[in-house]
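Those protein sequence lines, which keep their order, are chains A and B.
Residue 73 in the numbering used here sits at position 55 of the first sequence, and the numbers go up by one each step.
Residue 63 in the numbering used here sits at position 45 of the second sequence, and the numbers go up by one each step.
Ideal Cβ placement from N, Cα and C applies to all residues, glycine included.
Given the structure is predicted, the values throughout are model-derived calculations rather than measurements.
So the structure is just underneath, and the comments pick up after that.
2 protein chains.
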Amino acid sequence: MTLPKSHAGIFEKQSFWHIATISPDGTPQSSPVWATFDGTHIKFSLTRGRQKFRNLNTNPAVALSAIDPDNSYRYLEVRGRVVSLEDDTELAFVNSMAKKYMGLDKYPNHRPGDERVVISIEPTGASSMG
Amino acid sequence: MTLPKSHAGIFEKQSFWHIATISPDGTPQSSPVWATFDGTHIKFSLTRGRQKFRNLNTNPAVALSAIDPDNSYRYLEVRGRVVSLEDDTELAFVNSMAKKYMGLDKYPNHRPGDERVVISIEPTGASSMG
Numbered sequence: 019m020t021l022p023k024s025h026a027g028i029f030e031k032q033s034f035w036h037i038a039t040i041s042p043d044g045t046p047q048s049s050p051v052w053a054t055f056d057g058t059h060i061k062f063s064l065t066r067g068r069q070k071f072r073n074l075n076t077n078p079a080v081a082l083s084a085i086d087p088d089n090s091y092r093y094l095e096v097r098g099r100v101v102s103l104e105d106d107t108e109l110a111f112v113n114s115m116a117k118k119y120m121g122l123d124k125y126p127n128h129r130p131g132d133e134r135v136v137i138s139i140e141p142t143g144a145s146s147m148g
Numbered sequence: 019m020t021l022p023k024s025h026a027g028i029f030e031k032q033s034f035w036h037i038a039t040i041s042p043d044g045t046p047q048s049s050p051v052w053a054t055f056d057g058t059h060i061k062f063s064l065t066r067g068r069q070k071f072r073n074l075n076t077n078p079a080v081a082l083s084a085i086d087p088d089n090s091y092r093y094l095e096v097r098g099r100v101v102s103l104e105d106d107t108e109l110a111f112v113n114s115m116a117k118k119y120m121g122l123d124k125y126p127n128h129r130p131g132d133e134r135v136v137i138s139i140e141p142t143g144a145s146s147m148g
């Protein structure tokens with residue numbers, strides 16, 4: 019499944035993606051993340067301590083939506099499933115996200131002991147508006 | 019349950035709320051909406067034709083998150099459940115949302131035949147950052 023060409027460019031911008039995950043009790047959660055799309059997978063960073071990590075580790079179904087930072091009435095929603103949760107031991111991925119979103123070489127909020135992982139999502143559906 | 023005072027003010031701004039709902043197949047959906055908080059319930063507008071309406075009619079569990087328009091690293095997430103889906107026959111509610119978000123007296127995108135409803139959510143939990 020490929021993302022709609024008209025809206026995939028929202029991933030190239032400093033757009034905040036709201037990730038919906040499902041808790042073990044079956045209720046949804048939603049929170050904003052930085053994300054990128056490499057042409058095949060959507061990727062974002064997470065620490066192992068987060069409830070969102072526990073949700074994704076249990077239930078791989080996700081959805082994420084973002085508004086085009088240049089037009090509030092244009093958005094993309096992607097539905098998909100987590101295909102990998104990999105250690106970001108050298109912090110290469112979260113640092114690349116800090117570069118994209120903050121123009122910094124290193125992610126400034128890393129704390130010793132934080133176990134960073136890279137979540138990869140395979141898109142299975144998409145909706146867009148505007 | 020009351021929303022955290024530190025972050026409830028995000029509802030007073032022109033903030034876009036990403037609503038996570040659960041589809042009948044158990045997977046999440048996410049999309050942005052206008053919303054307001056009246057001190058007890060969170061409310062947003064929807065048409066009956068939307069998948070999101072069908073999801074909420076089947077499964078009342080929702081989560082919604084928004085970034086503070088004045089600070090991208092400040093956000094509020096609210097979890098809750100739908101307590102009513104009422105007809106917005108006179109369009110009073112969607113017009114009030116157009117006033118808040120667009121400064122207009124009437125919602126400009128209403129089409130004849132659109133069946134507008136007001137969704138009311140009772141908050142059951144909240145998380146915030148920043």
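Minimum Cβ-Cβ distance from residue i to chain B less than 7 Å
{"i": "residue 91 (chain A)", "result": "no"}
{"i": "residue 34 (chain A)", "result": "yes"}
{"i": "residue 137 (chain A)", "result": "no"}
Residue burial classification, residue i (beta-carbon count within 10 angstroms, cutoff 16)
{"i": "residue 136 (chain B)", "result": "buried"}
{"i": "residue 21 (chain A)", "result": "buried"}
{"i": "residue 104 (chain B)", "result": "exposed"}
{"i": "residue 113 (chain A)", "result": "buried"}
{"i": "residue 45 (chain A)", "result": "buried"}
{"i": "residue 101 (chain B)", "result": "exposed"}
{"i": "residue 58 (chain B)", "result": "exposed"}
{"i": "residue 61 (chain B)", "result": "buried"}
{"i": "residue 24 (chain B)", "result": "exposed"}
{"i": "residue 66 (chain A)", "result": "exposed"}
{"i": "residue 69 (chain A)", "result": "exposed"}
{"i": "residue 129 (chain A)", "result": "exposed"}
Range covered by the alpha helix (DSSP H) that runs through residue i
{"i": "residue 72 (chain B)", "result": "69-76"}
{"i": "residue 119 (chain A)", "result": "110-120"}
Cβ of residue i within 7 Å of any chain A Cβ
{"i": "residue 45 (chain B)", "result": "yes"}
{"i": "residue 40 (chain B)", "result": "yes"}
{"i": "residue 146 (chain B)", "result": "no"}
{"i": "residue 50 (chain B)", "result": "yes"}
Residue range of the beta strand (DSSP E) that includes residue i
{"i": "residue 79 (chain A)", "result": "79-86"}
{"i": "residue 144 (chain A)", "result": "134-147"}
{"i": "residue 49 (chain B)", "result": "46-51"}
{"i": "residue 24 (chain B)", "result": "Here residue 24 (chain B) belongs to no beta strand (DSSP E); instead the alpha helix (DSSP H) covers 23-26."}
{"i": "residue 61 (chain A)", "result": "60-65"}
{"i": "residue 91 (chain A)", "result": "89-105"}
{"i": "residue 39 (chain B)", "result": "35-40"}
Cβ distance (whole Å) where residue i is taken to contact residue j below 8 Å
{"i": "residue 146 (chain A)", "j": "residue 94 (chain A)", "result": "5 Å"}
{"i": "residue 99 (chain A)", "j": "residue 39 (chain A)", "result": "Actually they are not in contact, since the Cβ atoms of residue 99 (chain A) and residue 39 (chain A) sit about 11 Å apart, beyond 8 Å."}
{"i": "residue 32 (chain B)", "j": "residue 91 (chain B)", "result": "In fact, because the Cβ distance is near 18 Å, the residues do not count as touching under 8 Å."}
{"i": "residue 106 (chain A)", "j": "residue 138 (chain A)", "result": "Rounded, the Cβ-Cβ distance is 11 Å, inconsistent with contact."}
{"i": "residue 47 (chain A)", "j": "residue 75 (chain A)", "result": "Not quite, the Cβ-Cβ distance comes to about 13 Å (not below 8 Å), so this is no contact."}
- Mind listing which residues of the stretch 110-128 of chain B have their C-beta closer than 8 Å to chain A's C-betas, in chain order? none
message: At a CB distance below 7 Å, what residues from the stretch 75-86 of chain A approach chain B? Give them in sequence order.
response: 79, 80, 81, 82, 83 and 85
query: Got a sec: which bits of the stretch 93-104 of chain B sit with their beta carbon under 7 Å from any beta carbon on chain A, in order along the chain?
result: 93, 95 and 97
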